[in-house]
Amino acid sequence: MPATIRDVAKAAGVTIGTVSRALNNYSDVNCHTRERILRVAQELGYRPNQMARSLSSKHSKNIALVLSGFLEDTMLNDFETMLMKGIYQFAFEHGIDIAMYVINSRTQKEKSYEQLCYEHNIAGAILFGLKTNDPYCEALAASHRPCVTIDTEVRGPCISNVTLDDVTAFDELTQYLIDRGHRKIVLVHGRKNAMVSMERLVGAYQAFTRNGLTLTHDSIIYTNFLREEAVAGVGAYFRTHTPDSATAFLCMSDMLAIGTIEALKSLGYRVPDDYSVVGYDGLEVANYTDPKITTVDQNIKEKGYEAAHLLYDMLNGIRPAQKLVLPHTLVERESVKNLNELSN
Numbered sequence: 090m091p092a093t094i095r096d097v098a099k100a101a102g103v104t105i106g107t108v109s110r111a112l113n114n115y116s117d118v119n120c121h122t123r124e125r126i127l128r129v130a131q132e133l134g135y136r137p138n139q140m141a142r143s144l145s146s147k148h149s150k151n152i153a154l155v156l157s158g159f160l161e162d163t164m165l166n167d168f169e170t171m172l173m174k175g176i177y178q179f180a181f182e183h184g185i186d187i188a189m190y191v192i193n194s195r196t197q198k199e200k201s202y203e204q205l206c207y208e209h210n211i212a213g214a215i216l217f218g219l220k221t222n223d224p225y226c227e228a229l230a231a232s233h234r235p236c237v238t239i240d241t242e243v244r245g246p247c248i249s250n251v252t253l254d255d256v257t258a259f260d261e262l263t264q265y266l267i268d269r270g271h272r273k274i275v276l277v278h279g280r281k282n283a284m285v286s287m288e289r290l291v292g293a294y295q296a297f298t299r300n301g302l303t304l305t306h307d308s309i310i311y312t313n314f315l316r317e318e319a320v321a322g323v324g325a326y327f328r329t330h331t332p333d334s335a336t337a338f339l340c341m342s343d344m345l346a347i348g349t350i351e352a353l354k355s356l357g358y359r360v361p362d363d364y365s366v367v368g369y370d371g372l373e374v375a376n377y378t379d380p381k382i383t384t385v386d387q388n389i390k391e392k393g394y395e396a397a398h399l400l401y402d403m404l405n406g407i408r409p410a411q412k413l414v415l416p417h418t419l420v421e422r423e424s425v426k427n428l429n430e431l432s433n
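Residues 90 to 433 in the working numbering are what the sequence shown lists, from first letter to last.
This is the structure we're talking about:
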């Protein structure tokens with residue numbers, strides 16, 4: 090006989106009303122009480138009636154794609170689109186369904202990771218967009234549900250991570266500019282508390298130090314990986330710096346490179362004649378800008394595909410939790426001027 094809400098209340102030592110409010114995420118339920126009720130409900134196999142009617146044995150183990158910060162973007166980012174294409178390509182080839190849930194840092198505080206999984210009967214999840222200080226990072230480490238994070242490494246017995254060697258890739262991109270005679274390089278930074286930003290910054294520092302250069306604080310433009318913030322940041326930079334203070338802009342994403350080029354053009358400058366610009370990601374749009382942007386292609390679609398593949402294998406006992414590092418490619422296009430050729 091299936092467990093009832095009365096059974097959950099008795100086992101958790103609370104009233105039936107408290108169980109109902111906890112499962113419906115009412116704010117008047119203490120977080121520790123809610124977690125205890127969710128744990129007991131899981132142990133007893135309790136499912137609310139409306140959930141039971143919507144689930145069949147075929148979908149007893151649901152896989153989810155959880156996107157954090159997706160709605161904060163002011164424009165559709167090709168990164169998420171390409172990532173989803175890879176994930177759903179794997180799902181299509183293997184006849185499985187993957188549901189998508191959109192969250193942000195605020196909703197992570199309102200609804201725990203365990204509660205999200207419980208309410209939607211999620212057996213395993215792919216998570217993208219997490220910041221290092223997000224509540225779900227700590228929750229994932231303590232969870233026993235298999236999951237795969239993309240680009241944000243969280244350590245735990247059931248957590249896998251699919252990423253790039255961002256340190257090496259950004260070092261290579263920085264060295265590319267230096268090898269072409271650029272010594273005055275402005276870094277267009279991404280989100281401060283994003284793990285990929287931290288690792289790319291390490292790569293930039295490595296290349297600068299190796300070549301006897303210094304990356305100063307006033308040569309860094311901080312953004313939140315938003316194109317319009319790059320536009321504003323570059324404009325602000327030239328209000329406090331002379332035109333000859335830079336020869337190149339090293340951007341942590343293709344969208345930031347696009348914003349940088351937009352800002353330079355609005356100021357009357359030409360790319361790459363006056364300033365060189367490089368991006369990072371390998372977005373399709375970077376091949377259609379004027380000029381086409383030199384970038385690091387991190388094979389985004391493959392990243393999504395391999396994340397889904399890894400989660401599928403974890404759920405089926407084929408592969409254990411692991412860190413999967415994918416290859417990258419430096420794609421040379423038209424946005425960088427070789428200053429060495431001018432001195433010869």
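Just so it is clear, CB atoms sit at the ideal spot from N, CA and C, and this is done for glycine as well.
Status (buried if at least 16 other CB within 10 Å, exposed otherwise) for residue i
| i | result |
| --- | --- |
| R299 | exposed |
| R142 | Its pLDDT being 38, under 50, R142 is placed unreliably by the model, and nothing is read from it. |
| N119 | exposed |
| D362 | exposed |
| Y265 | buried |
| P91 | exposed |
| D379 | exposed |
| F338 | buried |
| K392 | buried |
| I126 | buried |
| A214 | buried |
| M189 | exposed |
| F434 | Nothing can be reported for residue 434, as the shown portion of the chain is limited to 90 through 433. |
Three-state class that DSSP yields for residue i in the structure shown
| i | result |
| --- | --- |
| F181 | helix |
| K354 | helix |
| I310 | strand |
| L253 | strand |
| D268 | helix |
| L419 | strand |
| S365 | strand |
| T336 | coil |
| K147 | A caution first: K147 carries a pLDDT of 40, below 50, which makes its placement in the model unreliable, though a value can still be read off. Reduced to three states, the DSSP call for K147 is helix. |
| T238 | strand |
| D117 | coil |
| P91 | coil |
| K200 | coil |
| L413 | strand |
| D379 | coil |
| I176 | helix |
| I407 | coil |
Alpha-carbon to alpha-carbon, residue j and residue i
| i | j | result |
| --- | --- | --- |
| A283 | F314 | 10 Å |
| D307 | G279 | 15 Å |
| L428 | L219 | 39 Å |
| Y135 | K99 | 13 Å |
| S146 | Q131 | Here the model assigns S146 a pLDDT of 38, short of 50, so the residue's position is not dependable, and the following value carries that caveat. Rounded to the nearest angstrom, the two C-alpha atoms are 17 Å apart. |
| G406 | H398 | 12 Å |
| A101 | G175 | 42 Å |
| F259 | I389 | 16 Å |
| G357 | C247 | 53 Å |
| T263 | A296 | 6 Å |
| V291 | L229 | 26 Å |
Endpoints, beta strand (DSSP E) assigned at residue i
| i | result |
| --- | --- |
| L302 | Note, L302: premise wrong, no beta strand (DSSP E); not H, not E. |
| D386 | T384 to D386 |
| S157 | N151 to S157 |
| Y190 | I187 to I192 |
| G213 | I211 to F217 |
| I274 | I274 to V277 |
Extent of the continuous alpha helix (DSSP H) run through residue i
| i | result |
| --- | --- |
| F327 | R316 to T329 |
| R359 | Per DSSP, R359 belongs to no alpha helix (DSSP H) and is neither H nor E. |
| L400 | I389 to L404 |
| P224 | P224 to A231 |
| T221 | First-last for T221: undefined, no H or E at that position. |
| S109 | I105 to L112 |
Below-8 Å beta-carbon distance, residue i vs any chain B residue
| i | result |
| --- | --- |
| L112 | The structure shown contains no chain B; it is built from a single protein chain. |
- With contact counted as at least three CB pairs below 8 Å, one residue from each stretch, are the stretch 223-230 and the stretch 378-390 in contact? no
| query | Any chance the stretch 368-380 sits against the stretch 189-205, with 3 or more Cβ pairs inside 8 Å? | reply | no
- Determine, using beta-carbon pairs with one atom in the stretch 266-277 and one in the stretch 234-252, whether at least three such pairs fall under 8 Å. no
Q. Is there contact between the stretch 202-221 and the stretch 409-427, where contact requires at least three CB pairs shorter than 8 Å?
A. no
Report task. Count the C-beta pairs between the stretch 347-354 and the stretch 312-331 that are closer than 8 Å, then say yes if the count reaches three, no if not. Result -> yes
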